[in-house]
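Visitor: I have a structure here, written as structure tokens, and I will follow up with some questions on it.
Number of protein chains: 2
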Amino acid sequence: MANPSARMLRLLSLLQTHRYWPGPELAERLGVSERTLRRDIDRLRELGYPVSASRGVAGGYQLRSGAAMPPLLLDDDEAVAIAIGLRTAATTALAGIEETAVQALTKVIQVMPPRLRRRVDALQSHTVPALPGAAGPTVEAGVLTTIAQACRDGERLRFGYTRRDGAVASRLVEPHRLVSLGRRWYLVAWDLERHDWRTFRVDRLTGPATTGARFRHRELPAGDPAAFVRSQVAAVPTRYQVEVRVAAPAATVERVVGQWGTVEPDGDGSSVLRMSVDYLEWPALVLGSVGADFQVVQPPELRDHLRAVGELFLRASDGAA
Amino acid sequence: MANPSARMLRLLSLLQTHRYWPGPELAERLGVSERTLRRDIDRLRELGYPVSASRGVAGGYQLRSGAAMPPLLLDDDEAVAIAIGLRTAATTALAGIEETAVQALTKVIQVMPPRLRRRVDALQSHTVPALPGAAGPTVEAGVLTTIAQACRDGERLRFGYTRRDGAVASRLVEPHRLVSLGRRWYLVAWDLERHDWRTFRVDRLTGPATTGARFRHRELPAGDPAAFVRSQVAAVPTRYQVEVRVAAPAATVERVVGQWGTVEPDGDGSSVLRMSVDYLEWPALVLGSVGADFQVVQPPELRDHLRAVGELFLRASDGAA
DNA sequence: TTGCTTCGGCCAGTTTCTGACCGCAATCGA
DNA sequence: TCGATTGCGGTCAGAAACTGGCCGAAGCAA
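Chains Y and S are the protein sequences, given in the same order.
Quick note: the first sequence uses this note's numbering, first residue 1, plus one each step.
Quick note: the second sequence uses this note's numbering, first residue 322, plus one each step.
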């Protein structure tokens with residue numbers, strides 16, 4: 001191991017697999033003397049990576065957590081796991097970190113050897129679409145990362161876009177930002193053919209590809225891209241505002257519904273559940289899981305849906321009795 | 322930027338944010354001459370990182386994907402996103418990468434500054450338990466990483482364990498391996514008090530903490546830990562083998578059920594769905610989402626459950642009509 | 001106490017690193 | 001076709017670093 005640069009990286013990598021490393025072994029693996037190893041350790045410390053050492057019979061070196069993220073040195077499997085994790089985090093709107101997840105995913109995918117990328121795709125392909133049914137149109141992670149990369153690097157983007165009426169048209173844009181709103185992804189971009197700012201729903205967008213041409217980011221007049229998307233989308237809100245009175249304590253309901261809705265106690269051991277959804281299957285799932293009696297306050301469509309499912313279930317359970 | 326080691330890391334980091342970097346700017350950021358920058362780029366290439374460069378008026382450097390994973394240099398937000406992604410990947414049994422996900426998560430958490438770890442915890446705490454209801458007991462990610470780290474580093478572990486009968490006892494073990502089986506996590510460990518190999522269900526395990534004492538891994542007589550767990554658990558199989566005939570094409574059913582069960586076409590546009598579950602809520606969710614008529618072949622308990630839910634739904638939809 | 005392990009100063013020889021200067025080649029736009 | 005821009009790599013000399021070997025000190029556990 002000639003260069004110290006490469007050696008330091010390798011040392012960092014060894015330390016990240018963590019188990020206490022005895023000095024002599026590290027030195028041997030790196031192909032240097034123990035004295036030099038000590039100096040390397042020192043160098044790491046000077047760079048801010050806290051390497052702790054313990055003396056005595058079972059001593060050794062160990063990388064602890066410090067003030068900044070050290071460079072992560074991953075093996076193939078770990079890299080694949082991270083990519084998969086980020087893909088799900090980015091596409092399931094988990095906790096408000098979707099945009100960062102896409103950003104990180106772009107970075108990982110970018111530098112990932114093609115063979116690993118193929119493994120990620122293969123694993124993802126036979127996986128669950130996050131939640132059964134009711135999830136609405138899904139976004140392919142590959143599409144997201146392509147767009148994110150084009151945004152970041154300022155590369156023009158061409159893609160097919162399905163309009164409301166179902167017609168597909170080709171678009172050429174200067175991508176600006178990806179915005180995650182609710183359970184949907186939007187692309188804010190300067191449309192080169194219409195000479196105006198537009199928002200595109202990513203799930204309606206197919207085959208995005210960079211043209212190779214690079215551009216300098218224009219300033220979005222609206223300022224905040226998220227606000228821009230909200231203003232554009234405000235005209236088309238979620239379809240149903242669901243409100244249900246459930247004969248179960250708020251805590252019980254909350255455990256099931258998680259963040260997909262809000263739950264308020266309603267006295268007398270019951271609670272009020274509110275959700276804002278596009279698909280009625282979703283509140284039905286939740287209510288079925290809670291298993292307590294309830295009353296639908298609104299919308300009436302939910303009542304119809306519940307009746308349909310209820311009859312379906314009764315038919316099934318009676319029919320073959 | 323004195324050391325070349327540190328500079329190379331920084332250069333890699335800059336290149337990972339990707340957008341084409343013009344040479345002079347990179348040189349300036351690194352505080353070196355352009356000649357030295359070129360040499361650094363060369364060094365990176367010699368280390369196997371493929372840095373592409375383009376000449377001409379809009380030229381610059383760019384890190385492409387190569388044969389091996391380069392060290393990932395993440396900013397705070399990205400690190401948090403990765404941790405969150407891995408936590409969900411590890412605890413939702415997505416695609417057979419759970420064990421690797423925990424391994425990677427351990428590595429990330431290990432070197433993560435405490436302030437970021439707190440952010441991860443905060444974000445995770447107000448997040449959804451992956452799937453509503455029916456998910457059974459969940460495992461805290463922090464518990465998993467503590468155990469994984471103890472396994473990897475060979476540190477003794479003490480924890481509280483809830484037995485079948487509900488009694489809690491303290492255990493002291495030499496942790497060997499974490500195994501993910503179905504939707505559950507198991508710890509294979511040498512029980513220091515019983516002097517024998519045991520498997521522990523991680524969801525029944527509380528407050529794991531390393532004692533600080535380290536040990537040398539014993540050899541598991543059974544050989545493969547996963548096989549060992551399977552043999553131990555085989556006595557307690559999943560409770561219900563569900564089989565349902567659905568009046569919908571296999572493809573439709575499969576889209577909903579994903580990998581949580583198997584679907585076979587059954588001629589005539591219908592299909593047979595098989596699932597192996599502990600909780601009947603789960604097939605009910607799936608069947609409700611499919612929305613097609615179906616017949617329950619087995620088990621009879623599923624019929625009862627469906628009848629109960631069906632009546633519940635009908636009560637709700639009639640009652641307030 | 002004894003044995004094991006990390007720690008860090010010192011030294012001298014070697015190697016690497018750096019910036020400056022040079023001409024060259026590729027690319028793009030006019 | 002021409003010119004501007006940008007990356008490429010050779011050479012040189014001085015400065016800086018890196019390295020291995022040696023040593024005694026100090027912390028830790030049995």
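Where a beta carbon is used, it is the ideal one built from N, C-alpha and C, also for glycine.
Pull up the DSSP beta-bridge partners for S:G381, would you.
Guide: Taking the second sequence and counting its residues from 1, one reaches residue 381 of chain S at position 60. According to DSSP, which records beta bridges pairwise, S:G381 is partnered with S:S375.
Visitor: Any beta carbon of chain Y sitting closer than 8 Å to that of S:L395?
Guide: Working through the second sequence from its first residue, we reach residue 395 of chain S at position 74. Closer than 8 Å: yes.
Visitor: Does the beta-carbon of S:G352 have 16 or more other beta-carbons within 10 angstroms, so that it is buried, or is it exposed?
Guide: For the purposes of this step, residue 352 of chain S is taken as the residue at position 31 of the second sequence. Answer is exposed; the Cβ neighbour count stays below 16.
Visitor: Determine which residues share a DSSP beta bridge with Y:M275 and list them.
Guide: The residue you call residue 275 of chain Y lines up with position 275 of the first sequence. Answer is Y:V242, bridged to Y:M275.
Visitor: Among residues of its own chain, excluding the 5 on either side of S:V441, which ones have a beta-carbon nearer than 7 Å to its beta-carbon?
Guide: The residue labelled residue 441 of chain S in the question sits at position 120 within the second sequence. Closer than 7 Å at the Cβ level, and outside the excluded window around S:V441, lie V401, A404, I405.
Visitor: Please decide whether S:S326 counts as near chain Y, where near means a Cβ-Cβ distance under 8 Å.
Guide: For the purposes of this step, residue 326 of chain S is taken as the residue at position 5 of the second sequence. Interface residue, yes.
Visitor: Going by the DSSP bridge assignment, what does S:D326 pair with across the sheet?
Guide: If you number the second sequence from 1, residue 326 of chain S lands on position 5. Reading off the sequence shown, one finds Ser at residue 326 of chain S, where the question assumed Asp. According to DSSP, S:S326 bridges with nothing at all.
Visitor: Which residues share a DSSP beta bridge with S:H586?
Guide: Along the second sequence, one-based indexing puts residue 586 of chain S at 265. The sequence as given places Pro at residue 586 of chain S; His does not occur at that position. Residue pairing for S:P586: DSSP places it in a beta bridge opposite S:S592.
Visitor: Determine the chain Y residues that contact S:I418 at a beta-carbon separation under 9 Å, and present them in chain order.
Guide: Counting from one through the second sequence, the residue named residue 418 of chain S turns up at place 97. Going along chain Y in sequence order, the residues near S:I418 (Cβ under 9 Å) are D77, V80, A81, I84, G85, L123.
Visitor: For chain Y, find out if any of its Cβ atoms is closer than 8 Å to the Cβ of S:H339; answer yes or no.
Guide: Residue numbering aside, residue 339 of chain S sits at position 18 when the second sequence is read from its first letter. Yes, S:H339 lies at the interface with chain Y (some Cβ there is under 8 Å from its Cβ).
Visitor: Do S:D614 and Y:L322 come within 8 Å of each other at the CB atom, strictly closer than that value?
Guide: The structure shown does not extend to residue 322 of chain Y, since chain Y is modelled only from 1 to 321, so the question has no answer here.
Visitor: Could you name the residues of chain Y that S:D474 contacts, counting a contact when the two beta carbons are closer than 9 Å?
Guide: In the second sequence, residue 474 of chain S corresponds to position 153, counting from 1. Those within 9 Å of S:D474 in chain Y are H18, R19, Y20, Q62.
Visitor: Measure the Cβ-Cβ separation of Y:R184 and Y:D203 and say whether it is below 8 Å.
Guide: Taking the first sequence and counting its residues from 1, the one referred to as residue 184 of chain Y is at position 184. Taking the first sequence and counting its residues from 1, the one referred to as residue 203 of chain Y is at position 203. In this structure, Y:D203 lies closer than 8 Å to Y:R184 by Cβ.
Visitor: Whole angstroms is fine: what's the gap from S:L335's alpha carbon to S:L499's?
Guide: Position 14 of the second sequence, counting from 1, holds the residue named residue 335 of chain S. Position 178 of the second sequence, counting from 1, holds the residue named residue 499 of chain S. Distance between the alpha carbons of S:L335 and S:L499: 37 Å.
Visitor: Can you tell me which residues form a DSSP beta bridge with Y:Q295?
Guide: Taking the first residue of the first sequence as position 1, residue 295 of chain Y is located at position 295. In the DSSP output, where bridge partners are listed per residue, Y:Q295 has Y:R245.
Visitor: Given that a residue counts as buried once 16 or more other Cβ atoms are within 10 Å of its Cβ, and exposed if not, what is S:T467?
Guide: Here residue 467 of chain S refers to the residue found at position 146 when the second sequence is read from its first residue. With 16 or more other Cβ atoms within 10 Å, it is buried.
Visitor: Starting from the C-beta of Y:Y161, find all residues in its chain whose C-beta is less than 8 Å away, skip the five residues before and the five after it, and write them out in chain order.
Guide: As a first step, residue 161 of chain Y must be located in the first sequence, where it is residue number 161. Cβ contact annotation for Y:Y161 (same chain, cutoff 8 Å, sequence separation greater than five): V168, A169, S170, R171, F200, R204, L205, T206, in chain order.
Visitor: Could you work out which residues of chain S lie near Y:G261, taking near to mean beta carbons separated by less than 7 Å?
Guide: Along the first sequence, read from residue 1 onward, the residue named residue 261 of chain Y stands at position 261. Result: empty, since nearest Cβ-Cβ is about 10 Å, beyond 7 Å.
Visitor: Please confirm if Y:F200 has its CB atom under 8 Å from at least one CB of chain S.
Guide: Working through the first sequence from its first residue, we reach residue 200 of chain Y at position 200. Any Cβ of chain S closer than 8 Å to the Cβ of Y:F200 would place that residue at the interface, and such an atom is absent.
Visitor: Tell me the DSSP secondary structure of S:P621 in three-state form.
Guide: In the second sequence, residue 621 of chain S corresponds to position 300, counting from 1. S:P621: helix per DSSP, three-state reduction.
Visitor: Using the Cα positions of S:A547 and Y:E264, report the straight-line distance between them to the nearest angstrom.
Guide: Residue 547 of chain S sits at position 226 when you count from the first residue of the second sequence. Residue 264 of chain Y sits at position 264 when you count from the first residue of the first sequence. Whole-angstrom Cα-Cα distance: 44 Å.
Visitor: State yes or no: is the C-beta of S:G381 within less than 8 Å of the C-beta of S:P343?
Guide: Within the second sequence, numbered from 1, the residue matching residue 381 of chain S stands at position 60. Within the second sequence, numbered from 1, the residue matching residue 343 of chain S stands at position 22. When the beta-carbon positions are compared, S:G381 and S:P343 come within less than 8 Å of each other.
Visitor: Which of helix, strand or coil does DSSP assign to S:A456?
Guide: As a first step, residue 456 of chain S is located in the second sequence; it is residue number 135 there, counting from the start. Since pLDDT at S:A456 reaches only 49, below the 50 mark, its modelled position is unreliable, and the value read off the structure follows with that caveat. Coil, per DSSP.
Visitor: Please report the distance separating the alpha-carbon of S:E299 from that of S:A327.
Guide: No statement about residue 299 of chain S is possible, as the shown extent of chain S runs from 322 to 642 and does not include it.
Visitor: Is it the case that the region 420 to 431 of chain S contacts the region 98 to 106 of chain Y, given that we only count it when at least three CB pairs across the two stretches are under 8 Å?
Guide: no
Visitor: Helix, strand or coil: which one does DSSP assign to S:R356?
Guide: As a working mapping, residue 356 of chain S is identified with position 35 in the second sequence. S:R356: helix per DSSP, three-state reduction.
Visitor: Count the other CB atoms within 10 Å of the CB of Y:Q149; is the residue buried (16 or more) or exposed (fewer)?
Guide: Position 149 of the first sequence, counted from the start, is the residue given in the question as residue 149 of chain Y. Burial call: buried.
Visitor: Going by beta carbon distance, what residues of the same chain come within less than 7 Å of Y:R198, once the five residues before and after it are set aside?
Guide: Residue 198 of chain Y sits at position 198 when you count from the first residue of the first sequence. The answer, listed in chain order, is A189, D191.
Visitor: Hey, could you find the ends of the alpha helix (DSSP H) S:E349 is sitting in?
Guide: Along the second sequence, read from residue 1 onward, the residue named residue 349 of chain S stands at position 28. Unbroken alpha helix (DSSP H) run through S:E349: 344 to 351.
Visitor: Could you check if Y:V57 is buried or exposed, using at least 16 other CB atoms within 10 Å of its CB as the buried criterion?
Guide: Taking the first residue of the first sequence as 1, we reach residue 57 of chain Y at position 57. Label assigned to Y:V57: exposed.
Visitor: Helix, strand or coil: how does DSSP classify Y:A130 here?
Guide: By 1-based counting over the first sequence, the position of residue 130 of chain Y is 130. Residue placement at Y:A130 is poorly supported in this model, since its pLDDT is 45, which falls under 50; the coordinates are not used for a value here.
Visitor: Candidates Y:C151, Y:R45, Y:R117: which alpha carbon is nearest Y:R216's?
Guide: The sequence position of residue 216 of chain Y within the first sequence is 216, counting from 1. When only C-alpha atoms are compared, the closest one is Y:C151.
Visitor: For Y:D224, count neighbouring C-beta atoms within 10 Å of its own C-beta (all shown protein chains included) and say buried if the count is 16 or more, exposed if not.
Guide: Position 224 of the first sequence holds residue 224 of chain Y. Y:D224 comes out exposed.
Visitor: By how many angstroms is the C-alpha of S:A572 removed from the C-alpha of Y:L314?
Guide: Within the first sequence, residue 314 of chain Y is the residue found at index 314, counting from 1. Within the second sequence, residue 572 of chain S is the residue found at index 251, counting from 1. Their Cα atoms are separated by approximately 25 Å.
Visitor: Where Y:R64 and Y:S52 are concerned, what is the direct C-alpha to C-alpha distance, given to the nearest angstrom?
Guide: For the purposes of this step, residue 64 of chain Y is taken as residue 64 along the first sequence, with counting starting at 1. For the purposes of this step, residue 52 of chain Y is taken as residue 52 along the first sequence, with counting starting at 1. Approximately 7 Å between the Cα atoms of the pair.
Visitor: Can you give me the C-alpha to C-alpha distance between S:A410 and Y:A141, rounded to a whole angstrom?
Guide: In the second sequence, counting from the first residue as 1, residue 410 of chain S sits at position 89. In the first sequence, counting from the first residue as 1, residue 141 of chain Y sits at position 141. Going from the Cα of S:A410 to the Cα of Y:A141 covers about 15 Å.
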